[in-house]
Amino acid sequence: MKTRTSLTCYNKKLSSLKASISIVIVINLLILSTNVSSFNFENRLPILKQGQSGSYFGYSIAEHVELVTDRYGKVTDEVKWLLVGAPLGDNLQPNTTKSGALFKCPLTQETKDCEQVVTDGYRRHAMGGRYEISIVDDSTGRPSKNLDPPYNDEIKDGQWMGVTVRAQGKGQVLVCAHRHVKKMGESRWGQGLCYLLKNNLNFEQNFEPCTGRPTERAHEDYGFCQAGTSGAMLEDGTMIVGAPGPYTWRGTMFLTATGGNFLSRDKTQYYTPHMDLNSPVDKYSYLGMGVTGGKYFGDFYSFAAGAPRSEGVGQVVIFSKNHSANPILVSQVLNGTQFGSNFGYELTSADVNGDNKTDLIVAAPFYFDKSNGGAVYIYQNKDYRFPQEPTLTLMGKVESRFGLALANLGDINMDGCEDIAIGAPYEDRGVVYIYLGSKKGLLKEPSQIISASSLGLNIPKTLKTFGSSLSGGVDLDDNSYPDLLIGAFNSDAVVALLARPITNIKTEIDDSQLKNIAAEKYGCPTDPSSNLTCFSFTACCSFDRIQGQTSLELIYTIEAETYNGMKKFSRVFFAPHYENKSNTIKKSIMIPTDGRRNCQTETVYLKENTRDIQSPIKFRLNYTIVEPPLPNSALKGLYPILDKTQADRTFVATFAKDCGTNDICETQLELRASLLNMERNQVTSDYDLILGQSNEIHLKATVTNEQDSAYEAQLFILHPKTITYIATSKSSVVCNSFNETCIACTLGNPMKRNMTASLVVRFEPSALDDKTENLDFKIWANSTSKQLIHRDDIVLRAKIVKKAEVSILGTAKPEQTFYGGEIKGESAMKYINDIGTAVEHIYEIYNDGPWRASYIEVYIDWPHQVANDKEQGKWLLYPENVPQIEGGNGGTCSIIGSGSVNLLNLELKPTAIMSQLVNEPEEAPESLRQRVNVRNKTITESRYQEKVSSSSSSSSTSIKEESSSSSSTLNRVRRDMAKVVKPEKLIDSNGNAKDVVTMDCERGTAKCIKFKCVIFNLQNKKEAFIRMKARLWNSTLTADYPKIDHIRIVSRARVVIPDAYKIQQDTIDDMTTAETIAYPDFVQEDERIGYWIYILGIFLGLLLLALLAFCLWKCGFFKRRRPDPTLTGNLEKSSETKPFIS
């Protein structure tokens, strides 16, 4: 890892989102389904080294092999070192503060046994600033640590020695301090400093490529060169030093040959073009932030430098030397894809496909989108040229800085292809991904994911930025497998993971019974009596001879179809699990290590009612070594691990299919569809669906297969949510609701060549929303076979036609009533019964269909007052309350405008309330009650035909209302000057003239309150009633119309269905009237007798008396014997004739 200028994250590039998401999904599936943590670095037994706190120990690392030679130069031993840079550490050089240091750590389990390598202090003051290491410690034979302080023309504090550490394995070592400052008078220039160390880590030479170059223009020249920001040591001894600062941070890299004999080596210091006129990049591109090299374009070395800010998206420029000329030439430029992603921040080279052509790996650790953070691009060398587009792109998790560190691991699985490690130090506490090379290139799934939290032993839980630096390719424990060194600079630690040796297992599958499985046939050679389709296979494995091992115990596992999350359920199960139908078999087996094969035969059963009998059944075979107890240190020897390429295999079983010679079923499904019993518009091809004419919608579909058998052939019908699937008729095809809007019909498995399937699908439309205008049906057919010619889905549209013939009819109850008697004013009304006779107008709203009317508006004009030229008229039909709705699905009524009902707030008499509770008819007012019977005998209902009409005018007659109380607080309106409507002359059927008054708002003879009623969801052939109750104002009619034949009082109503509901209807019968006929009480006038009748009666009475007296006189009535006033004679006579009784 290197010091970088902080970059701002820019806008996301949406074009890469899908690819990024797919890579993350693949990685996640791999993590969940495979044991990626087991191959082949032993993370359970790490080797930890810790440095000075806050020193950034582990910022840059390298694996190094020191060769120990005798006095003749012969190599007698090898010492393995872990080289660790600590750029904020304290250097051994005197008079320096946090100038950085290089440490060498032995391969032990001790954590704090690292020793600082002497780098600075060999510039001798006594020798004028020249480097001199001739002073030798006699006891060790190594250079003395008697070091000089920094020379007077340099600043070592904060120089970041150890920011770059690179080694050749068994060769030289490069260590740099990119912030080393040179003093020139009053100026301070950050030009950078590197040291080249010998194999024994002794000082060999210093390297300051920018020293002595122009600085007059400061950063526009070489004033801030920052050489050593990156570096590389190639196999041929070429040392590459990246310097991103020259010429306003255009950047460059310097190449120096270090290998071989000094006299014969090329002593030219090469550099890339970086000046204003010849640089391949613009200012602030930071070319040289990452460097690497390899044989990219032939049998010679070329050199790649990353410019992470070039063009905003980043670039990698590849250079090649042309003899001894400077600057070296540009061979190719690779471009990044996302602004601010820092494409080219880190680079490495590896032959990932084993073709002896070096491939290039480029990191963009600041790449980001919604699902990813960091990207690594693999450019696979083809014919000694890199493609402009990456061969493979790997993505990290969000904000993980995936690709901040890269390392060529060498060939860790011995397959002839080099493998790589990628660090993601900000994913959790840090993660390292291991990717294996293969003959086809780098595998896109990691073979191992090593997280800080997965490390064993006593690794601190506080370990952070694990994976910020990486080094590999060196076998540290002499088991022939390269090992891995990982830095965690924020925790001042490094971790070494040793590679487990790989045992070459040989595996093979006998698949003779895995081809052309007949799904319709039961039984198999291993179970001929089975009532299920079955088949078997044999899996064999063997080992070459292994030193010290006679046999190995393995866990043998086979899983069908559900591995890697491919499927949730499997179509098959294995023989030992006939009861629980498990698709996995797992057992322990012992394998000899003398080359003999161990074979296992397995029987597989196909589950009942399996529909997919075309796609292959996939199996995964896995062998895992049963390990002994884990030792307490990786240095005590690691148990071998199996070669994953052989120990983890997949194979398939295929079905016998009625297909072509290529075993690929190529079908041609042809579909026809129509809607039955509907008229079709020839122009738009839409159907007309008249709702209610039929209770169902019928869709007919016909599918014909014209080519090879179609496996799992299905018909799908997508329908609106507002209609409901009922069933399928006239077909043997089985259909089911796939979801609330989709029907899936099975056509056959397989649907054979030239086979035709026809069906009629029934839908129920009663739940249709009245605002729906169209019904769209989408129909298509498919199968798991290959369709030769694609056919578009069929779309049928039915235009909704809604018809509802809604009519309205008005009636009055009672149709005839009477008025007369005492005239009372408003204030005299105590109860509503005092007003007059109860009147009710009833409106019947009937829906004759065929469809329902979900929303009906009824407008009523109610004649509550007699018309006049004033704001208020005399009461006519006094409304008791708003209209009430009965039937249908209910509704509401309200007043339109400022009118009111029961304005006087009158209540029913208690007796009237009781009469209503027991459903008894209410009695008429007392003044009329005595005469009703007489009137009913003398007046019969007549129908008049209007012959003569005279205009209605107001009469000059006025009747003063009586008032029983002048102190009433009711809302009284003086109506004494109201005009009286003039009667009309009408001729009845007998030719008799009648005087009739018509009270009608439409004629202007009455004033109306307007009501609006809403009826909900009136179904076909159903009715609803609106009842309006009122009182005939007896006093108004008695006072103003005492001598006419009758009064017609008319209310009007009309029905409306709003246009928004798109319902068609005939408006002829949308209006009606209800009429109450009121007769005056003539009996009262007929009983009044004139004065002449009384006189005549007296005269006739006297005459009759005279005649009676005359007759009595003639009869001698007045001549009879009178009694003796003295009683003398009578007494005497009586005594003579009648004896006295004493």
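Here the sequence shown stands for residues 1 to 1142, numbered as in the UniProt record's numbering. C-beta: ideal position from N, C-alpha, C; glycine also.
Using beta-carbon positions only, say whether residue i and residue j come within less than 9 Å of one another.
i            : j     : result
residue 1149 : K80   : Nothing in the structure corresponds to residue 1149, since the chain is present only between 1 and 1142.
V703         : C893  : no
W862         : A1030 : yes
Y878         : I835  : yes
N847         : A804  : yes
Y131         : N206  : yes
K1010        : I885  : no
E857         : R1027 : no
I434         : D419  : yes
N705         : E670  : yes
S310         : G344  : yes
G759         : C735  : In the sequence as displayed, the identity of residue 759 is Leu instead of Gly. Their beta carbons are under 9 Å apart, which means L759 touches C735 by this criterion.
D686         : R797  : yes
E346         : A363  : yes
Y270         : L287  : no
T96          : Q50   : no
I459         : V494  : no
L514         : F535  : yes
Can you give me the Cβ contacts of residue i inside the same chain, cut-off strictly under 7 Å, excluding the 5 residues immediately before and after it?
i    : result
I617 : A560, E561, R571, V572, V652 and A653
T724 : F763, E764 and A767
G890 : F1016
K994 : Y944, L986, D988 and D1045
A407 : T348, I420, A421, L470, S471 and G472
G897 : K1010
P983 : D995, V996, V997 and I1044
Quick test of your reading: residue i and residue j, contact by CB under 8 Å. State the CB separation rounded to the nearest angstrom.
i    : j    : result
S55  : A86  : 4 Å
I625 : I641 : 7 Å
R313 : Q338 : Residue identity differs from the one stated: residue 313 is Val in this sequence, not Arg. Rounded, the Cβ-Cβ distance is 6 Å, consistent with contact.
M275 : L174 : Actually they do not touch by this definition, with Cβ atoms about 26 Å apart.
G340 : A375 : Not really, about 12 Å apart at Cβ, beyond 8 Å.
G245 : G251 : 7 Å
G100 : Q172 : That pair is no contact at about 20 Å.
Beta strand (DSSP E) containing residue i: first to last residue?
i            : result
W780         : N774 to N782
F818         : Q816 to Y819
T393         : L392 to M395
W81          : V75 to A86
H841         : A838 to P850
H1046        : H1046 to V1056
G290         : G290 to G294
F573         : V572 to F574
V1014        : A1006 to L1018
residue 1177 : The structure shown does not extend to residue 1177, since the chain spans only 1 to 1142, so no value can be given for it.
Alpha helix (DSSP H) containing residue i: first to last residue?
i     : result
S371  : Counting along the chain, S371 falls outside any alpha helix (DSSP H), and DSSP gives it neither H nor E.
N1034 : N1034 to D1040
W862  : No alpha helix (DSSP H) holds W862; the beta strand (DSSP E) holding it covers A853 to V866.
Y1094 : Y1091 to K1114
K644  : K644 to A647
At a threshold of 8 Å, does residue i count as lining the ligand FAD (C-beta to nearest heavy atom)?
i     : result
A1039 : Absent from the structure shown: the ligand FAD. Ligands present: none.
Excluding the 5 residues preceding and the 5 following residue i in the sequence, name in chain order all residues of the same chain whose CB lies nearer than 6 Å to its CB.
i     : result
M1071 : R1054
F203  : Y122 and I133
M751  : N705, A710 and A713
Q1064 : K803
Between which residues of its own chain and residue i is the CB-CB distance below 8 Å, once the five residues before and five after are set aside?
i    : result
E696 : I726, R762, F763, E764 and P765
Of all the beta strand (DSSP E) runs that stay within the bounds of the region 688-731, which reach a length of 3 or more residues?
With a minimum length of 3 residues, the continuous beta strand (DSSP E) runs that stay inside the region 688-731 are 697-705, 713-718 and 724-729.
Sequence ranges, beta strand (DSSP E) only - wholly within the UniProt repeat "FG-GAP" (452-514), length at least 3
Listed in chain order, they are 469-474, 483-488, 493-497 and 505-510.
Please specify which runs of the beta strand (DSSP E), each continuous and at least 3 residues long, are wholly inside the region 197-275, giving them in chain order.
Secondary structure within the region 197-275: the beta strand (DSSP E) runs of 3 or more consecutive residues, fully enclosed, are 203-207, 230-233, 238-243 and 252-257 (chain order).
Can you list, in chain order, the stretches of the beta strand (DSSP E) that have 3 or more residues and sit fully within the region 108-176?
Qualifying beta strand (DSSP E) stretches, in chain order: 115-117 and 161-167.
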